[in-house]
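Notes for the one structure printed next.
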Amino acid sequence: MLTSSLLRLFLTRSLSPFTFEASSPGWRPDMTGLDPIGLYVHIPFCRTLCSFCPYCREQYTAEKAAAYLPALLQEIDQTGRAVSRHLDDSDGAVTFEERPVTSLYFGGGTPALMLDDLPVIIGRLQRYFRITDGIGIELHPQDITPENLQQLKRSGVTMVSLGLQSFDQEALARIGRCEDRFTERLGWVREAGFAVIDIDLIFAIPGQTPESLRRDITLAFKLGATQVSTYPFIDFTFADNRYKPLGKKAKRQLLDELANFCRELGLMRTSVWTFAKPGTAKYSSVTRDAFLGFGLSATTLLQRSFSINTFSLDGYIGRLEKDQSPTALKLTFSLRQRAAYFLFWGAYGLCIDSQRFAAMIGQPLDRLYRWEMALAVWLGFLNRSGDDYILTSRAIRVYHDLEQLYTTAYIDKTWSVARQEAFPRRFTLS
Ligand SMILES: C[S@@+](CC[C@H](N)C(=O)[O-])C[C@H]1O[C@@H](n2cnc3c(N)ncnc32)[C@H](O)[C@@H]1O
Ligand code: SF4
């Protein structure tokens, strides 16, 4: 708590905490000056609910999914009409000038449980947006079948993220998963030919060793990954983990081992927790400067605000049936808060890009953070590269600790509040 408050004070030069207010049902996002941004769609349904998983998810039933689809389409229309310019056709029909967006990511939950609906959802988004850099989707291992992969290709999906978590049967058993023909399934993924294949691995599960993690990384790339995301196992307060993650020191050591091993393999470190084959594109759903989110629990990050949709399925559908916004909570940033938020996520991607900072914040980085940047360079946390700043390995180690702190101090608390009440009134993150 003290560390997160000190960091906030250092970057925002203010003691005021981040305060979320209840969002009004009439709220619509304002995308002025924000082209191009990313799109994210949340599909919350899962076949079974994993004990370790903190995400907003719902036990799948065909009835719930059928009720969710029209609400999701309604939200797309609501936002699309607010952010894209109307064009009147000669026959009186209203069409929209498609706004360029970089990418569209489907996350969950298990988005493949609504595979047949993807073309409708994508088509609806394309009424308002032109997607320039591809479509990504998260897949649970069970979703990886030749038929599903072909269907995804036909729907225009170009990037997949596979939640394998590990190739090691014992590690998987400790988080309630099992090895289910991973080698064969990855063969089908390779054959299908996606531009980006991300494999999610979790490290610091009890029993995992540097050797077992090296095996995981080797297999992931040998079997076709273009990127591997290695997430430290986090024990969320509302999770139900039978086995608790390894301690802070062990986590740090394992990440160091992983990073050294990936360097030996000639891989690029593309963020604190991702490694990729050189020359391949990144799978990066919401770690971007700005994005619009659709669906249950989806978040939207704009120039001066961060908002969160309700976590309640009934609340979500109910609001959209009345053409009201399903956004539950909204944080309006001060200039320095937004700048701090930019720096935090920029640092996750290992580079603080001065041009992108100025475009988003409206002020040059070296004017707003002159002495902070100089101090970070002097302390050996950043290296200057032209106008940008690159994180050193020392800074990456510190960031790894900070990100976990942020997850428990901010994400865990926010999601706990959002899980308890469909439309909470107000709360602060100190
Ligand atoms: C939305 S989740 C899972 C997507 C898909 N439904 C699946 O199960 O494969 C995305 C990723 O978050 C990571 N993750 C989930 N819970 C985690 C936890 N408690 N600690 C660390 N990583 C976690 C996992 O690697 C997971 O693949
Ligand atoms: S890890 Fe994936 S399948 Fe398991 S509950 Fe979370 S989103 Fe659902």
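Numbered by my numbering, the letters in the sequence shown go through residues -7 to 422 in order.
From the three backbone atoms N, C-alpha and C, an ideal C-beta is built for every residue, glycine too.
Inset, instruction - Taking glycine 285 as part of the beta strand (DSSP E), name the residues at either end of that continuous run. - result: By 1-based counting over the sequence shown, the position of residue 285 is 293. It spans 283 to 286 - the beta strand (DSSP E) in which glycine 285 sits, taken as one unbroken run.
Inset, instruction - Please indicate yes or no: does the CB of phenylalanine 98 lie closer than 7 angstroms to some heavy atom of ligand 1? - result: Position 106 of the sequence shown, counting from 1, holds the residue named residue 98. False, no ligand heavy atom lies under 7 angstroms from that Cβ.
Inset, instruction - Verify the contact flag: cysteine 38, CB atom, against every heavy atom of ligand 1, threshold strictly below 7 angstroms. - result: Counted from its first residue, the sequence shown places residue 38 at position 46. Yes, since a heavy atom of ligand 1 falls inside the 7 angstroms radius drawn around the Cβ of cysteine 38.
Legend entry - Contact set for threonine 175: own chain, Cβ-Cβ below 7 angstroms, skip 5 residues either direction: Numbered from its first residue, the sequence shown carries residue 175 at position 183. Cβ within range, chain order: Leu215.
Legend entry - Between the CA atoms of arginine 173 and aspartate 22 - distance to the nearest angstrom: The sequence position of residue 22 within the sequence shown is 30, counting from 1. The sequence position of residue 173 within the sequence shown is 181, counting from 1. So the alpha carbons of these two residues sit roughly 46 angstroms apart.
Legend entry - Residue closest to leucine 105, alpha-carbon to alpha-carbon, out of His392, Ala351 and Pro133: As a working note, residue 105 is residue 113 in the sequence shown. The option with the nearest alpha carbon to leucine 105 is Pro133.
Inset, instruction - Quick one: grab the DSSP three-state call for arginine 417. - result: Sequence index remark: in the sequence shown, residue 417 carries index 425 (1-based). Looking at arginine 417 - three-state DSSP - the assignment turns out to be coil, as it is neither helix nor strand.
Inset, instruction - Note the first and the last residue of the continuous alpha helix (DSSP H) segment covering glycine 307. - result: By 1-based counting over the sequence shown, the position of residue 307 is 315. From DSSP, the alpha helix (DSSP H) with glycine 307 extends over 305 to 313.
Inset, instruction - Report the residue from Arg20, Ile35 and Gly30 whose alpha carbon sits nearest the alpha carbon of serine 304. - result: Numbered from its first residue, the sequence shown carries residue 304 at position 312. The candidate whose alpha carbon is nearest that of serine 304 is Ile35.
Inset, instruction - Check whether the Cβ of glutamine 157 lies closer than 7 angstroms to any heavy atom of ligand 1, and answer yes or no. - result: On the sequence shown, position 165 is the one that residue 157 refers to. The answer is yes for glutamine 157.
Inset, instruction - For the beta strand (DSSP E) containing methionine 151, list its first residue and its last residue. - result: The residue you call residue 151 lines up with position 159 of the sequence shown. Methionine 151 -> beta strand (DSSP E) spans 151 to 157.
Inset, instruction - Answer yes or no: do valine 188 and threonine 272 have a C-beta to C-beta separation smaller than 8 angstroms? - result: By one-based count along the sequence shown, residue 188 stands at place 196. By one-based count along the sequence shown, residue 272 stands at place 280. Going by C-beta atoms, valine 188 is nearer than 8 angstroms to threonine 272.
Inset, instruction - Return yes when at least one heavy atom of ligand 4 lies under 7 angstroms from the C-beta of valine 278, else no. - result: You won't find ligand 4 in this model; what it holds is ligand 1 and ligand 2.
Inset, instruction - Sort out for me which residues DSSP pairs cysteine 38 with in a bridge. - result: In the sequence shown, counting from the first residue as 1, residue 38 sits at position 46. According to DSSP, cysteine 38 bridges with Gln51.
Inset, instruction - Give a yes or no on whether the C-beta atoms belonging to serine 95 and glycine 148 are separated by under 8 angstroms. - result: Taking the first residue of the sequence shown as 1, we reach residue 95 at position 103. Taking the first residue of the sequence shown as 1, we reach residue 148 at position 156. Not closer than 8 angstroms, so no.
Inset, instruction - Look at the alpha carbon of isoleucine 123 and the alpha carbon of glycine 199, and state the distance between them as a whole number of angstroms. - result: Position 131 of the sequence shown, counted from the start, is the residue given in the question as residue 123. Position 207 of the sequence shown, counted from the start, is the residue given in the question as residue 199. Those two C-alpha atoms are separated by around 43 angstroms.
Legend entry - Start-to-end residues for the alpha helix (DSSP H) that takes in proline 111: The residue you call residue 111 lines up with position 119 of the sequence shown. Residues 110 to 118.
Legend entry - Straight-line gap, arginine 182 to glycine 372 (C-alpha atoms, nearest Å): Mapped onto the sequence shown, residue 182 falls at position 190. Mapped onto the sequence shown, residue 372 falls at position 380. For arginine 182 and glycine 372, the distance between alpha carbons rounds to 41 angstroms.
Inset, instruction - Take alanine 54 as the anchor and find which of Phe37, Asp69 and Glu395 has the nearest alpha-carbon. - result: The residue given as residue 54 occupies position 62 in the sequence shown. Closest by alpha carbon: Phe37.
Inset, instruction - Pull up the DSSP beta-bridge partners for cysteine 343, would you. - result: What you label residue 343 is simply residue 351 of the sequence shown in a count that begins at 1. In the DSSP output, where bridge partners are listed per residue, cysteine 343 has Ile382.
Inset, instruction - Specify the secondary structure class of leucine 193 as computed by DSSP and reduced to three states. - result: Along the sequence shown, one-based indexing puts residue 193 at 201. Three-state DSSP puts leucine 193 in a strand.
Legend entry - Stretch-stretch touch, CB-based, cutoff 8 angstroms, three pairs: the segment 64 to 80 with the segment 321 to 334: no
Inset, instruction - Within the segment 226 to 307, note down every full alpha helix (DSSP H) run reaching 4 residues or more, in order along the chain. - result: 240 to 256
Inset, instruction - Along the beta strand (DSSP E) that carries isoleucine 127, what are the first and last residues, could you check? - result: Mapped onto the sequence shown, residue 127 falls at position 135. 127 to 131 is the extent of the beta strand (DSSP E) around isoleucine 127.
Inset, instruction - Would you kindly report the start and end of the unbroken beta strand (DSSP E) that includes glutamate 203? - result: In the sequence shown, counting from the first residue as 1, residue 203 sits at position 211. It is not in any beta strand (DSSP E) - glutamate 203 instead sits in the alpha helix (DSSP H) that spans 202 to 214.
Legend entry - Through-space distance from cysteine 45 to glycine 115, alpha-carbon basis: Here residue 115 corresponds to residue number 123 of the sequence shown, with the count starting at 1. Here residue 45 corresponds to residue number 53 of the sequence shown, with the count starting at 1. Their Cα atoms are separated by approximately 30 angstroms.
Legend entry - Run of the alpha helix (DSSP H) containing arginine 134, from where it starts to where it stops: Taking the sequence shown and counting its residues from 1, one reaches residue 134 at position 142. Checking the sequence shown, residue 134 turns out to be glutamine, not arginine. Element bounds for glutamine 134: n/a, residue is neither H nor E.
Legend entry - Pairwise C-alpha distance: tyrosine 120 and arginine 145: Working through the sequence shown from its first residue, we reach residue 145 at position 153. Working through the sequence shown from its first residue, we reach residue 120 at position 128. The amino acid occupying residue 145 in the given sequence is lysine; arginine does not appear at that position. Each residue's alpha carbon lies about 22 angstroms from the other.
Inset, instruction - Give a single yes or no on whether aspartate 192 has its beta carbon closer than 7 angstroms to a heavy atom of ligand 1. - result: In the sequence shown, the residue the question calls residue 192 occupies position 200. Yes, the beta carbon of aspartate 192 sits closer than 7 angstroms to at least one heavy atom of ligand 1.
Inset, instruction - Confirm the yes/no value for this check: CB of tyrosine 361, any heavy atom of ligand 2, distance under 7 angstroms. - result: Counting from 1 along the sequence shown, the entry for residue 361 is found at position 369. Incorrect: tyrosine 361 has no Cβ contact closer than 7 angstroms to ligand 2.
Inset, instruction - Flag this pair as touching only if the segment 251 to 258 and the segment 13 to 31 have three or more C-beta atom pairs under 8 angstroms; answer yes or no. - result: no
Legend entry - Residues of its chain near phenylalanine 213, where Cβ-Cβ distance is below 8 angstroms and the 5 sequence neighbours each way are ignored: For the purposes of this step, residue 213 is identified with residue 221 of the sequence shown, where counting begins at 1. So the qualifying residues of the chain are Val220, Leu257, Leu259 and Lys269.
Inset, instruction - Taking only heavy atoms of ligand 1 into account, decide whether any of them is closer than 7 angstroms to the Cβ of tyrosine 398. - result: By one-based count along the sequence shown, residue 398 stands at place 406. Checking the Cβ of tyrosine 398 against ligand 1 gives no.
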